[in-house]
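Take a look at the structure set out below.
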Amino acid sequence: NAGVMQNPRHLVRRRGQEARLRCSPMKGHSHVYWYRQLPEEGLKFMVYLQKENIIDESGMPKERFSAEFPKEGPSILRIQQVVRGDSAAYFCASSPRRGELATGELFFGEGSRLTVL
Amino acid sequence: AQSVTQLDSHVSVSEGTPVLLRCNYSSSYSPSLFWYVQHPNKGLQLLLKYTSAATLVKGINGFEAEFKKSETSFHLTKPSAHMSDAAEYFCVVSVIGFGSSNTGKLIFGQGTTLQVKP
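Protein chains in written order, with the numbering used here: chain F, 44 to 160; chain S, 5 to 122.
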């Protein structure tokens, strides 16, 4: 059973370009979470999605950031008009139900590292 | 509201000596607590989890942690460090929502970098 798959693993963009990060959850998982890790910091929650629904986007910046999890295909985190401050590692996590309900445990991918020049 | 504080940003030990990584939490509810490890340029691997069962939790690679409600602590220990243990360690608490249910959101500590010297 493959784990959470993220791609690209590394992405370089110039200021003003768009970045698209993809996440395929573990097989059988229908809940996806995106976290951002800035240099020298812990991970911060961004958004929680189920298929075709955004459940909680309280951690998403108000502008330029969007996320989706379509009925078919991976979840996409999209950053428009990137700025240097967007440089970070973006981690996707999945669970079969909301945070495994009883435990809150999530299963993480290896992350996508965005560098903005 | 839940929060977690890792008391040391860097810990350095010699190979073969004990490891202690400290974590204090704050939660209005009985929390779910986790320790994750992150090796350089890698994802996060779950070391162990506490979910209101036994207070002494054993994880992978010889790590264990003890939940102490009176001290609101969840320190991570290992009797004997190995070079391969050098990594970033995160103490994590699960966010509890309405109805005392897990929301699926996690709050991460700032991380502790463990250095293991030969």
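Virtual Cβ for every residue (Gly too), placed ideally from N, Cα, C.
Using a Cβ-Cβ distance cut-off of 8 Å, determine whether glycine 113(S) contacts chain F.
yes
Cβ neighbours of lysine 53(S) in the same chain (closer than 6 Å, five flanking residues each side left out)
Phe38
Beta carbon of lysine 70(F) nearer than 8 Å to that of tyrosine 78(F)
no
Straight-line CA distance for asparagine 45(S) to glutamate 153(F)?
8 Å
Determine whether the Cβ of leucine 118(S) lies closer than 8 Å to any Cβ atom of chain F.
no
Cut-off 6 Å between Cβ atoms - residues of its own chain near serine 16(S), not counting five sequence neighbours on either side
Gln119
Quick one, are the C-beta atoms of histidine 72(F) and serine 118(F) less than 8 Å apart?
no
Just how far apart, CA to CA, sit isoleucine 64(S) and leucine 51(S)?
6 Å
Determine the chain S residues that contact serine 130(F) at a beta-carbon separation under 9 Å, and present them in chain order.
Per Cβ cutoff of 9 Å: no residues; serine 130(F) is ~15 Å from chain S at best.
Could you check the C-alpha separation between aspartate 12(S) and glutamate 92(S) for me, to the nearest Å?
11 Å
Here's a check: name, in chain order, each residue in its chain whose Cβ is nearer than 7 Å to the Cβ of valine 37(F), leaving out the five neighbours to either side.
Residue 37(F) lies beyond the residue range present for chain F, which begins at 44 and ends at 160; the question has no answer from this structure.
Going along chain S in order, which residues have a C-beta closer than 9 Å to the C-beta of histidine 74(F)?
Gly108
Residue closest to threonine 81(S), alpha-carbon to alpha-carbon, out of Ser18(S), Gly115(S), Pro22(S) and Ser30(S)
Pro22(S)
When DSSP labels each residue in this structure, what does glycine 66(S) get in the three-state scheme?
helix
Where do the ends of the beta strand (DSSP E) carrying tyrosine 33(S) lie?
Where tyrosine 33(S) is concerned, there is no enclosing beta strand (DSSP E), given that its DSSP letter is neither H nor E.
Which partner residues of valine 90(F) appear in the DSSP bridge assignment?
Trp77(F)
Figure out for me which residue from Ser77(S), Ser84(S), Pro35(S) and Gln6(S) has the closest Cα to the Cα of alanine 57(S).
Pro35(S)
Just tell me which of Ser101(F), Ser67(F) and Glu111(F) has its CA closest to the CA of glutamate 95(F).
Glu111(F)
For the region 71-96 of chain S, which segments carrying the beta strand (DSSP E) assignment without a break, of at least 3 residues, lie completely within its bounds, in sequence order?
77-82
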